[in-house]
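Working notes for the structure below.
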Ligand SMILES: Cc1cc2nc3c(=O)[nH]c(=O)nc-3n(C[C@H](O)[C@H](O)[C@H](O)COP(=O)(O)O)c2cc1C
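Numbering (our numbering), first residue to last: 1 to 425.
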């Protein structure tokens, strides 16, 4: 089985199983010296965590991320970045009874047909749990993209037959279904709980938008950005369809209505979802995925056992009654991974000097260092109490002059910095 790695320059390899000791990811290809905010990474992983609400699985996992390699003192070292998330709340006994039957809608039957053996505990490697590793990798990709001014946001636009009618990004993380329309969110939540109470499940649609992607990312012909994004999104369990921009609706339009007119300063509309010829147009990239209703349901379903005999099963265990809300951070992660890969490839074509992102990341890191130093200085000044005067003040001024000279900082710049600090004292 060789399909556990994804990406070219930004290469992600995930490992681990739903009921094994841990899941993890190795991210290769990030330049050394790139700042990584581990708190932001952990917050991203927490968004996917199970057990967040009544509309997600009851499995309780803290999903703490351990950094095994590749990040030192807040920066990448150039070594592979290895991240690990331990499984703590497996309940393999829930699956004992299903060991010799194939759950409908799952990969049990096809995995058996392909490999002859399978880990029956919670779906093993085909479990949605594998996606925790993708979200951890995606969080790094998001940070690399942020330094280039790009950001990826996902939200649920449909669950069952309830559709979002408005878009307020501030609402997305405020409700359990991650919908940008609070009124629709309440109805979606009720619909999921209804289906759950009936022992059933619901599907949905997740939209992912990437903003700030400059024109020119993506490679013709097999490396088209739509093709890579499509593959990335379709690799997520339960995703059965992907569309970009107006997507399937384009099939019913005329060319005169579907083309995005080019006008001075850009495009008039974005029916192509920010992609032409597999290359980004500079507009937001808009993708939507259809998420099937959760396969594991309590209602009885017909299937066969390993002996080929017809049986009826009800799937116990803890499951997401609708996968779409938890799939949002996973879809964002996969889009970020593809875009990060495309960004690094574009940098290779354009040359590092033409890559503003590299400088922006460096400046952002240096600014943070500067603020850390200012905070430490303020702490000392507070402890010291009164401003230094007389000989002490002169000694400090001389030390500043000497440091400015040694570091090649213009004396007027140094004076301005220290003047501002003294004023804030
Ligand atoms: C975040 C996430 C959580 C999932 N949770 C469940 C679940 O609780 N129960 C279930 O039956 N499937 C769940 N799935 C979907 C299965 O992993 C998936 O349907 C199954 O492996 C078959 O793959 P396919 O649907 O892509 O064909 C989840 C998927 C994701 C991405």
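From the three backbone atoms N, C-alpha and C, an ideal C-beta is built for every residue, glycine too.
- In this structure, the C-beta of residue 327 approaches ligand 1 to less than 6 Å from one of its heavy atoms.
- With 16 or more neighbouring CB atoms inside 10 Å of its own CB, residue 134 falls in the buried class.
- The Cβ atoms of residue 83 and residue 55 do not sit closer than 7 Å to each other.
- Close CB contacts of residue 293 within its chain, under the 6 Å cut and outside five residues either way in sequence, are with 201, 202, 203 (chain order).
- For residue 208, the closest of 172, 194, 214 by C-alpha to C-alpha distance is 172.
- Apart from the 5 residues on each side of it in sequence, residue 30 sits with its Cβ closer than 6 Å to the Cβ of 76 in its chain, given in chain order.
- By the criterion of a C-beta distance shorter than 7 Å, residue 346 is surrounded in its chain by 216, 217, once the five residues flanking it on both sides are discounted.
- Under the rule that a run must span 3 or more residues, the beta strand (DSSP E) segments found entirely inside the region 230-268 read 239-244.
- Annotation for residue 44: 135, 136, 138, 139, 142, 329, 333 place their beta carbon closer than 8 Å to its own, counting only its chain and skipping 5 residues before and after.
- The Cβ atoms of residue 101 and residue 311 sit closer than 7 Å to each other.
- Three or more Cβ pairs closer than 8 Å define a contact, and the region 86-105 meets that threshold against the region 115-128.
- A distance below 7 Å separates the beta carbons of residue 278 and residue 224.
- For a cut-off of 8 Å, the C-beta gap from residue 338 to residue 206 is around 16 Å, too long to register as a contact.
- Within the DSSP secondary-structure output, residue 75 pairs in a beta bridge with 35, 72.
- By the criterion of at least three beta-carbon pairs nearer than 8 Å, the region 177-194 is in contact with the region 147-166.
- At a cut-off of 6 Å, the beta-carbon of residue 128 counts as near ligand 1: some heavy atom of the ligand is closer than that.
- Between residue 297 and residue 199 the beta-carbon gap is near 6 Å, inside 8 Å, which marks them as a contact.
- Residue 413 counts as exposed, since fewer than 16 other beta carbons sit within 10 angstroms of its beta carbon.
- Note on geometry: alpha-carbon atoms of residue 250 and residue 219 lie some 23 Å from one another.
- For residue 65, the Cβ stays outside the 6 Å cut-off from all heavy atoms of ligand 1.
- Three or more beta-carbon pairs separated by less than 8 Å link the region 238-245 to the region 257-277, which places the two stretches in contact.
- Less than 7 Å separates the beta-carbon of residue 178 from that of residue 325.
- Taking 7 Å as the cut-off, the beta carbon of residue 331 is found no closer than this to the beta carbon of residue 212.
- By the Cβ criterion, the region 87-94 is in contact with the region 7-19, since at least three pairs of Cβ atoms, one from each stretch, lie closer than 8 Å.
- Boundaries of the alpha helix (DSSP H) harbouring residue 345: 324-350, taken from the DSSP string.
- Closest in alpha carbon position to residue 316, among 252, 33, 300, is 300.
- Judged by DSSP secondary structure, residue 301 falls within the beta strand (DSSP E) whose first and last residues are 301-304.
- Set against 6 Å, the gap from the CB of residue 155 to the closest heavy atom of ligand 1 is not smaller.
- A straight line joining the alpha-carbon of residue 262 with that of residue 283 spans about 12 Å.
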